[in-house]
Structure formats: C-alpha cells, structure tokens
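Contents: one structure, followed by commentary.
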Amino acid sequence: MTGNDGTSGKLQGNPKLHKPGMPLRTIVNVRSHPTEKMAEIVEDQLRSHVTSLPSFVRDTMDFLNKIQKLKKLFRKVRYNSV
0 MTGNDGTSGK LQGNPKLHKP GMPLRTIVNV RSHPTEKMAE IVEDQLRSHV
50 TSLPSFVRDT MDFLNKIQKL KKLFRKVRYN SV
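For the sequence shown, position 27 matches number 26 in numbering that gives the first Met the number 0, and the numbering has no gaps at all.
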C-alpha cells in the first residue's frame with residue numbers, strides 16, 4: 000500500500016447560520032488522498048461488526064421503526080407500573 004499518487008485533503012467549511020457568530024462546520028475532502036485506500040480497507044473490516052450492534056441505524060425507516068418499538072415498550076412498562 001505504497002505510492003506517490005495523491006493529493007492533500009481539501010478543507011472547506013459551511014457556516015452554521017443558526018449559531019451566534021456563524022462558526023464554520025468543517026468538511027475535509029480526502030478523495031485521492033494517500034490514506035483513502037487504507038480508510039476503505041478499515042471500513043470494509045468494521046462494517047460487519049458495526050451493523051450487528053443494536054445501536055446501528057441503517058436508514059430513516061429503520062430509525063422510525065426503532066422509535067416505535069421503544070414507544071410500545073415505554074407504554075407497556077408505564078402500564079405495568081400503575
């Protein structure tokens with residue numbers, strides 16, 4: 000995993016308009032950066048571990064379904080404690 004191809008990361012910023020003084024939210028583009036390939040390898044290795052965690056949220060629908068399950072659980076707990 001060696002090579003001299005690549006460029007430095009590009010730093011950009013989006014202003015946080017809702018915050019006083021409008022601080023920047025930094026964004027770093029690391030496309031064609033020398034560590035890009037290494038990051039892909041690490042991501043591939045971690046993916047199966049991360050997706051098996053109970054806290055993993057796949058997408059918006061998965062998030063909404065998990066919230067619904069929690070609401071039902073809380074209602075059940077509250078009903079049983081009365």
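C-beta: ideal position from N, C-alpha, C; glycine also. From a predicted model like this one, the values you see are computed outputs, not experimental measurements.
Inter-residue spacing [alpha-carbon to alpha-carbon] between residue i and residue j
i: Pro-79; j: Gln-67; result: Looking at the sequence itself, residue 79 is Asn, so the reference to Pro does not match. Approximately 18 Å, taken between the alpha carbons.
i: His-17; j: Thr-25; result: 15 Å
i: Pro-14; j: Val-56; result: 27 Å
i: Val-49; j: Thr-34; result: 21 Å
i: Leu-10; j: Lys-75; result: 49 Å
i: Phe-73; j: Asp-58; result: 23 Å
i: Pro-19; j: Gly-12; result: 16 Å
i: Ser-31; j: Asp-61; result: 33 Å
i: Val-27; j: Lys-65; result: 32 Å
Assigned secondary structure, residue i (DSSP; H/G/I helix, E/B strand, else coil)
i: Val-29; result: coil
i: Lys-70; result: helix
i: Asp-61; result: helix
i: Val-41; result: helix
Identified DSSP bridge partners for residue i
i: Arg-24; result: Asn-13
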